[in-house]
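Taking the working numbering, the leading residue of the sequence shown gets 4, the next gets one more, and so forth.
We put the CB at the ideal spot given by N, CA and C, even for glycine.
Here's the structure, in structure tokens; my notes come after.
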Amino acid sequence: MLGIPVSFTTKVEEMVAHVGPKLSYTYKQLGNELHIKSGAFLFEQGVYDAEIKMANWDGLPAFFATSESSALPYDIFAASFYLLSRYEEYLPHVKDALGRYPATESLAYEHDFLQTPLVDYWVQRFKTTLQEYYPDLKIAPQITQTQLKITVAQAYAFRKLGFLRTLAGFWSDFFKFRLKRNFDRIQVLLGLRKDPYDTFNWLNNMQKQSAIPFQYFFELGDFSQESKNVKHSKATFQSLVKMVGDYSKIGLSVSKVAAQQLSQLKIEKQRLEAIVNRHLDAVQVADNLLQLPDTYRNSIDQEITSDYTMYYAAHCGFRASTATPFLFYDLDYEIQTPLLLYPSCIQDYQIIDTNRGVVDNITFRSLYRQVQEVGGVFIIGFSNTSFNNIHSKQLFKKIVFDEIN
Numbered sequence: 004m005l006g007i008p009v010s011f012t013t014k015v016e017e018m019v020a021h022v023g024p025k026l027s028y029t030y031k032q033l034g035n036e037l038h039i040k041s042g043a044f045l046f047e048q049g050v051y052d053a054e055i056k057m058a059n060w061d062g063l064p065a066f067f068a069t070s071e072s073s074a075l076p077y078d079i080f081a082a083s084f085y086l087l088s089r090y091e092e093y094l095p096h097v098k099d100a101l102g103r104y105p106a107t108e109s110l111a112y113e114h115d116f117l118q119t120p121l122v123d124y125w126v127q128r129f130k131t132t133l134q135e136y137y138p139d140l141k142i143a144p145q146i147t148q149t150q151l152k153i154t155v156a157q158a159y160a161f162r163k164l165g166f167l168r169t170l171a172g173f174w175s176d177f178f179k180f181r182l183k184r185n186f187d188r189i190q191v192l193l194g195l196r197k198d199p200y201d202t203f204n205w206l207n208n209m210q211k212q213s214a215i216p217f218q219y220f221f222e223l224g225d226f227s228q229e230s231k232n233v234k235h236s237k238a239t240f241q242s243l244v245k246m247v248g249d250y251s252k253i254g255l256s257v258s259k260v261a262a263q264q265l266s267q268l269k270i271e272k273q274r275l276e277a278i279v280n281r282h283l284d285a286v287q288v289a290d291n292l293l294q295l296p297d298t299y300r301n302s303i304d305q306e307i308t309s310d311y312t313m314y315y316a317a318h319c320g321f322r323a324s325t326a327t328p329f330l331f332y333d334l335d336y337e338i339q340t341p342l343l344l345y346p347s348c349i350q351d352y353q354i355i356d357t358n359r360g361v362v363d364n365i366t367f368r369s370l371y372r373q374v375q376e377v378g379g380v381f382i383i384g385f386s387n388t389s390f391n392n393i394h395s396k397q398l399f400k401k402i403v404f405d406e407i408n
């Protein structure tokens with residue numbers, strides 16, 4: 004996170020002989036180096052229900068206390084590992100209705116730091132201590148980045164769905180007395196109005212006007228109750244994906260089935276790669292159906308290098324208590340993997356009421372300010388269906404051009 008090249012050693016003589024800044028993470032200090040007392044947690048094997056005693060460290064929550072001989076009063080290496088590895092998600096917990104790990108089960112929710120990039124703030128304090136001990140050590144400031152991710156679970160509401168799906172949708176809406184929706188459907192099919200989900204040209208224009216990169220995630224699963232996108236083999240859909248790819252990065256929104264079955268993930272990945280004619284390296288799992296560690300292991304198996312599922316569906320905030328992308332560590336196998344996890348702290352529906360044209364500015368500005376303070380990556384999630392009325396488009400412009408740009 005500090006961008007400092009480091010080397011590690013377990014040899015005392017090598018440590019003592021080193022000339023220059025050095026840090027010992029041991030039970031006892033070795034010499035005159037900067038010393039942080041290590042606890043037992045990082046040296047344990049397996050996953051167990053570790054005792055967590057929360058404390059207040061000059062206004063920041065902290066745990067795993069050290070001692071007066073340590074340069075820091077808390078073992079931030081062990082505590083950061085606990086949060087970043089999502090250690091608590093490996094422990095027994097109550098899942099939500101969709102089988103997901105809910106924010107309400109987390110340490111961050113329980114102790115009210117879910118909306119704080121806590122690990123990044125700890126790192127800032129470590130940076131201060133490091134530079135006080137080694138004044139000549141130069142550490143470049145971290146630059147805040149912003150990304151918009153746009154999920155395309157259903158490219159069109161009415162177009163290109165096929166005769167049977169269109170007929171079934173018509174009768175379903177008819178018997179549920181959704182007459183306006185049927186009226187809209189007929190107008191779209193007759194070419195009298197634009198499909199309400201077809202917001203891609205408008206989004207491309209927004210992309211051209213903004214310095215913020217857009218990343219799209221298209222779902223290409225087989226049709227089911229959960230996966231209702233246009234069939235991936237349709238020329239119209241493939242042209243859409245290629246057109247969007249001319250302006251923005253393209254990733255895969257992994258379907259519910261593919262999130263559980265490696266074979267289906269491979270199929271969906273190949274479908275998208277065949278359309279864009281390049282290697283796919285970024286995914287997110289539809290409906291936030293993240294199952295640790297299997298979801299990430301499957302991505303690694305398919306040589307996917309980036310994942311954008313590290314967020315909570317029902318709550319704003321930092322699932323791993325960081326605004327900085329980090330490598331997934333597999334606790335069962337005790338290895339660091341090449342899969343880079345991008346934490347997203349806001350999904351549009353969590354702060355935007357498109358019907359009333361209202362944004363929760365307090366939450367949005369608080370999260371954005373904190374990401375700026377720590378030099379993290381601010382990632383906010385949208386959907387192509389988020390911009391189907393004038394209110395939602397105005398709110399998007401306000402967020403992107405007034406609040407962020």
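query: According to DSSP, residues forming a beta bridge with asparagine 59; result: Pro64
query: Segments of 3+ residues assigned as beta strand (DSSP E) that fall wholly inside the segment 312 to 381; result: 329 to 333 and 338 to 346
query: Local conformation of histidine 394 per DSSP, three classes; result: helix
query: Check whether threonine 325 and tyrosine 332 have beta carbons under 9 Å apart; result: no
query: Host alpha helix (DSSP H) of alanine 111 (start-end); result: 110 to 113
query: CB contact flag (aspartate 284, threonine 308, <9 Å); result: yes
query: 9 Å Cβ cutoff met for tyrosine 314 and cysteine 348; result: yes
query: Proximity below 9 Å, CB of leucine 5 to CB of phenylalanine 129; result: yes
query: Cutoff 8 Å; reference leucine 330; Cβ partners in own chain excluding five residues on either side; result: Gln339, Thr340, Pro341, Leu342, Leu343 and Leu344
query: Inter-residue CB distance, isoleucine 354 and phenylalanine 367 (contact presumed, cutoff 8 Å); result: 5 Å
query: Which of helix, strand or coil DSSP assigns to glycine 248; result: helix
query: Paired residues, beta bridge with histidine 282 - DSSP; result: Bridge partners of histidine 282: none, in fact.
query: Leucine 192 versus Met57, Arg162, Tyr200 and Phe166, residue with shortest Cα-Cα distance; result: Arg162
query: Counted within 10 angstroms of its Cβ, other Cβ atoms place phenylalanine 399 as buried (16 or more) or exposed; result: buried
query: Uninterrupted beta strand (DSSP E) stretches inside the segment 91 to 139 (no shorter than 3 residues); result: none
query: Leucine 63 to leucine 121 span [Cα, whole Å]; result: 8 Å
query: Cβ-Cβ distance between isoleucine 55 and phenylalanine 66 below 9 Å; result: yes
query: Rounded straight-line distance, which links the Cα of glutamate 276 to that of serine 88; result: 30 Å
query: Separation of aspartate 304 from valine 374, as counted between CA atoms; result: 32 Å
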